[in-house]
Amino acid sequence: MTLAAQQASGNRLVSEGMRRALRRRGVEALGLALIGLGGAMAAMLASYSPADPSPFNATGNPPANMLGLVGAHVAGALVFALGWAAAALPAGLTAWGVRLVLHRGEERALTRVPVLIVAILALAAFLSAHVPGSGWQERFGLGGMVGDGLLAAVLRALPMPPVEGLDIATLALAPAVLALSGLGLGMSGAEARGLARFCATGLRTALAALVWLLRALARGGIAALRLGGQAALAPRRASDAPPAARPGTPAGSPARRRRGAALPVTDEGADAPA
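Heads up: the sequence shown begins at 41 in my numbering, then just goes up one per residue.
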């Protein structure tokens with residue numbers, strides 16, 4: 041009876057509203073921790089260097105990573121495993137941290153985070169389907185060792201040669217990555233529709249700005265052509281204009297006649313004395 045009485049009194053000391061407030065503060069603290077972890081991971085990956093010491097690169101060089109030796113080891117392991125797809129990890133952590141802080145969709149975290157992991161793996165396979173550029177110094181593809189392995193498994197499962205299956209796999213992975221990413225980040229139907237409207241509005245605005253710019257360029261080009269034509273015709277008009285009269289020259293003198301006009305022919309024999 042004494043234990044039951046103590047529990048009852050303890051329950052009365054912490055009200056239901058206090059429990060909800062404590063729970064909200066705890067969720068917000070977890071969200072801030074995820075945001076900080078995402079920022080630290082982003083700094084690790086942004087300052088990654090293949091020459092840094094890592095579990096797969098034994099070297100005595102000092103690490104150039106922002107977070108020192110620990111950051112170099114973590115970034116090296118992530119890039120080795122996922123390649124460029126490792127950048128989705130800090131993005132996902134930050135997105136879920138913001139959701140927890142703002143209490144937007146926090147109840148979907150337990151069911152959506154596994155989908156986010158699948159989306160990152162699909163992104164790694166999608167990146168491995170592309171040829172690395174000349175600046176890529178790693179011995180694996182853009183999706184890391186995991187992406188290369190997943191892409192190879194997908195190509196083996198397709199009933200066609202790998203060269204033809206690569207294009208089909210790439211086209212299939214692109215929408216799959218987008219859909220899985222939306223689900224993994226906890227987007228609801230209303231949020232997806234809002235994002236679609238935002239993208240459509242932005243696209244219409246960009247197209248309208250492009251049309252306005254093209255029209256402005258066209259008007260400017262037409263005006264420039266007109267000015268150029270007038271400048272080209274100016275010398276010809278000046279040459280066709282009558283010359284200015286000299287001071288003291290009669291109006292009917294030859295100097296006032298139009299250039300090229302024939303002078304009157306006089307019969308000198310008729311004017312001579314007989």
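Glycine included, each C-beta is placed from N, C-alpha and C at the ideal position.
Inset, instruction - Could you have a look at Ser94 and say whether DSSP puts it in helix, strand or coil? - result: Start at 1 with the first residue of the sequence shown, and residue 94 comes out as number 54. Strand.
Legend entry - Chain-order list of residues whose beta-carbon lies under 7 Å from that of Ala232 (same chain, five-residue window excluded): Residue 232 sits at position 192 when you count from the first residue of the sequence shown. The beta carbon of Ala232 sits closer than 7 Å to those of Gly222, all from its chain and outside the five residues before and after it, given in chain order.
Legend entry - Closest by C-alpha distance to Gly66, when choosing among Glu146, Ala135 and Gly183: The residue labelled residue 66 in the question sits at position 26 within the sequence shown. Out of Glu146, Ala135 and Gly183, Glu146 has the C-alpha closest to the C-alpha of Gly66.
Inset, instruction - Taking only the alpha-carbon atoms, compute the straight-line gap between Gly57 and Arg63 and give it to the nearest angstrom. - result: For this step, residue 57 is matched to residue 17 along the sequence shown. For this step, residue 63 is matched to residue 23 along the sequence shown. Cα to Cα, the separation comes out at about 10 Å.
Inset, instruction - Decide yes or no for the touch test of the stretch 169 to 185 against the stretch 238 to 248: beta carbon pairs closer than 8 Å, at least 3 of them. - result: Because the criterion of three Cβ pairs below 8 Å is not met, the stretch 169 to 185 and the stretch 238 to 248 do not touch.
Legend entry - Cα-Cα separation, Gly95 to Tyr88: Working through the sequence shown from its first residue, we reach residue 95 at position 55. Working through the sequence shown from its first residue, we reach residue 88 at position 48. It is worth fixing the name first, because residue 95 is Pro in this sequence and not Gly. The straight-line gap separating the alpha-carbon atoms of Pro95 and Tyr88 is approximately 13 Å.
Inset, instruction - Compute every distance between the C-beta of Met84 and the non-hydrogen atoms of the ligand SAH, then say whether any falls below 8 Å. - result: This structure does not include the ligand SAH; it has no bound ligands of any sort.
Inset, instruction - Determine contact between the stretch 70 to 84 and the stretch 121 to 130, defined as no fewer than three beta-carbon pairs at a distance below 8 Å. - result: Yes, the stretch 70 to 84 touches the stretch 121 to 130.
Inset, instruction - Under 8 Å by Cβ, that's how I've got Leu191 and Ser168 pegged, so tell me the actual separation to the nearest angstrom. - result: In the sequence shown, counting from the first residue as 1, residue 191 sits at position 151. In the sequence shown, counting from the first residue as 1, residue 168 sits at position 128. Right, the Cβ-Cβ distance comes to about 4 Å (below 8 Å), so this counts as a contact.
Legend entry - Own chain partners of Val217 with C-beta closer than 8 Å, once the 5 adjacent residues on each side are dropped: By one-based count along the sequence shown, residue 217 stands at place 177. The answer, listed in chain order, is Ala159, Ala162, Leu163 and Phe166.
Inset, instruction - Report back the beta-carbon spacing between Leu225 and Ala135 to the nearest angstrom; my notes put them in contact at under 8 Å. - result: Taking the first residue of the sequence shown as position 1, residue 225 is located at position 185. Taking the first residue of the sequence shown as position 1, residue 135 is located at position 95. Indeed, because the Cβ distance is near 5 Å, the residues count as touching under 8 Å.
Legend entry - Residue range of the unbroken alpha helix (DSSP H) whose run includes Ser221: The sequence position of residue 221 within the sequence shown is 181, counting from 1. Where Ser221 is concerned, the enclosing alpha helix (DSSP H) stretches over Pro202 to Gly224.
Inset, instruction - Count the other C-beta atoms from every protein chain shown that fall within 10 angstroms of the C-beta of Gly108, then say buried if there are 16 or more, exposed otherwise. - result: Translated into positions along the sequence shown, residue 108 becomes position 68. So Gly108 ends up on the exposed side.
Inset, instruction - Have a look at Arg59 and Ala214 and give me their C-alpha separation to the nearest angstrom. - result: In the sequence shown, the residue the question calls residue 59 occupies position 19. In the sequence shown, the residue the question calls residue 214 occupies position 174. When rounded, the distance between both Cα atoms is 44 Å.
Inset, instruction - Identify whether Thr241 lies in helix, strand or coil by the three-state DSSP scheme. - result: Counted from its first residue, the sequence shown places residue 241 at position 201. Looking at Thr241 - three-state DSSP - the assignment turns out to be helix.
Inset, instruction - Identify, in the order they occur along the chain, each residue of the same chain with its Cβ nearer than 7 Å to the Cβ of Leu77, setting aside the five sequence neighbours on each side. - result: Reading the sequence shown from its first residue, position 37 is the one you call residue 77. Answer for Leu77: Leu133, listed in chain order.
Legend entry - Secondary structure of Thr81, DSSP reduced to three states: Indexing the sequence shown from 1 puts residue 81 at position 41. What sits at residue 81 in the sequence shown is Met, not Thr. Three-state result, Met81: helix.
Inset, instruction - Taking only the alpha-carbon atoms, compute the straight-line gap between Gly116 and Val110 and give it to the nearest angstrom. - result: Position 76 of the sequence shown, counting from 1, holds the residue named residue 116. Position 70 of the sequence shown, counting from 1, holds the residue named residue 110. Cα atoms of Gly116 and Val110: separation of roughly 10 Å, rounded to the nearest angstrom.
Legend entry - Own chain, CB closer than 7 Å to Met185, minus 5 neighbours either side, in chain order: Here residue 185 corresponds to residue number 145 of the sequence shown, with the count starting at 1. Excluding sequence neighbours, Met185 sits near Phe120 and Ala121.
Legend entry - Collapsed DSSP secondary structure at His143 in the structure displayed: Stepping through the sequence shown from its first residue, residue 143 is reached at position 103. In the structure shown, His143 sits in coil (DSSP, three-state: anything other than H, G, I, E or B).
Inset, instruction - Return the CA-CA distance between Val251 and Gly181, expressed in angstroms with no decimal places. - result: As a first step, residue 251 must be located in the sequence shown, where it is residue number 211. As a first step, residue 181 must be located in the sequence shown, where it is residue number 141. Distance from the CA of Val251 to the CA of Gly181, rounded to the nearest whole angstrom, comes to 40 Å.
Legend entry - Inter-residue Cα distance where the pair is Met200 and Ile208: In the sequence shown, counting from the first residue as 1, residue 200 sits at position 160. In the sequence shown, counting from the first residue as 1, residue 208 sits at position 168. Met200 and Ile208: Cα-Cα distance of roughly 10 Å.
Inset, instruction - State the DSSP-derived secondary structure class of Thr99, mapped to helix, strand or coil. - result: As a first step, residue 99 is located in the sequence shown; it is residue number 59 there, counting from the start. Coil, per DSSP.
Inset, instruction - Throw me the rounded Cβ distance for the Ile330 and Val138 pair, which I believe falls under 8 Å. - result: Because the chain in this structure spans residues 41 to 314, residue 330 falls outside the shown range and cannot be described.
Legend entry - Cα-Cα separation between Val155 and Ala230, rounded to whole angstroms: For this step, residue 155 is matched to residue 115 along the sequence shown. For this step, residue 230 is matched to residue 190 along the sequence shown. Their backbone Cα atoms lie some 19 Å apart in a straight line.
Legend entry - 9 Å Cβ cutoff met for Pro93 and Gly100: Stepping through the sequence shown from its first residue, residue 93 is reached at position 53. Stepping through the sequence shown from its first residue, residue 100 is reached at position 60. Contact check for Pro93 against Gly100 passes: the beta carbons are separated by less than 9 Å.
Inset, instruction - Kindly indicate which residue of Ala98, Gly187 and Ala86 has the alpha-carbon position closest to the one of Met106. - result: Numbered from 1 along the sequence shown, position 66 holds the residue referred to as residue 106. For the residues Ala98, Gly187 and Ala86, the minimum Cα distance to Met106 belongs to Ala86.
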